[in-house]
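Structure, as structure tokens:
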Amino acid sequence: MSDFTHINEQGRAKMVDITAKDDTARVAIAKATIKMEPTTLTTIVSGGIKKGDVLGVAQVAGIIGAKQTANIIPMCHPLILSGVDINFDIDEENSEINIEGIVKTTGKTGVEMEALSAVSIAALTIYDMCKAIDRWMEIKEIKLIEKSGGKSGHLIRE
């Protein structure tokens, strides 16, 4: 009926059966960017946000986001993650914070959604913690940068 793997013969949603797939080492790297007013970025970097350490909290939130992906995206398989790393690059020239999420596992399915969830939640956490001083922050460019493992092998966005 459909080329989509998440649709059954009746056209309804299903979780893909991965029973026969081999366990392989898998890695996914995703990125997101949050743009803000220059004064907001300066306040974050200097530790002046009243709600606390913005990047520290966003880092932990990103890790939690990766771990909770199967609970918020209906057809994602629950995975045992072997590593989650969230990194921030401060771009003062463009008044942005670039967020990178690296997620690893050994399993039957990839961790792309976990990496995308991680950077999304980290960006949303920055937004939440800073919205009192900057109502017009912009979260943009949430994308998968690289993945490895599984049938499709190693892919890098160019």
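Each residue of the sequence shown is one higher than the last, beginning at 1 in our numbering. Where a beta carbon is used, it is the ideal one built from N, C-alpha and C, also for glycine.
Within 7 Å, strictly: CB atoms of residue i and residue j
i, j, result
"Glu146", "Ile29", "yes"
"Gly107", "Asp23", "yes"
"Met36", "Met137", "yes"
"Ala123", "Ala66", "no"
Of the residues the options, the one placed nearest residue i, counting alpha carbons only
i, options, result
"Leu79", "Thr43, Ala32, Gln68", "Gln68"
"Ile99", "Lys140, Arg26, Asp17, Lys131", "Lys140"
"Asp53", "Ser95, Ile142, Ala70, Tyr127", "Tyr127"
Alpha-carbon to alpha-carbon, residue j and residue i
i, j, result
"Val57", "Ile97", "14 Å"
"Ile49", "Met129", "8 Å"
"Thr109", "Ala13", "18 Å"
"Ile7", "Gly83", "30 Å"
"Gly101", "Asp85", "6 Å"
"Asp134", "Leu81", "34 Å"
Assigned exposure category for residue i - 16 Cβ within 10 Å defines buried
i, result
"Thr40", "buried"
"Arg157", "exposed"
Residue i in three-state terms, based on DSSP
i, result
"Lys140", "strand"
"Met1", "Caution is warranted here: a pLDDT of 42 is assigned to Met1, below 50, making its placement in the model unreliable, and no coordinate value can be reported."
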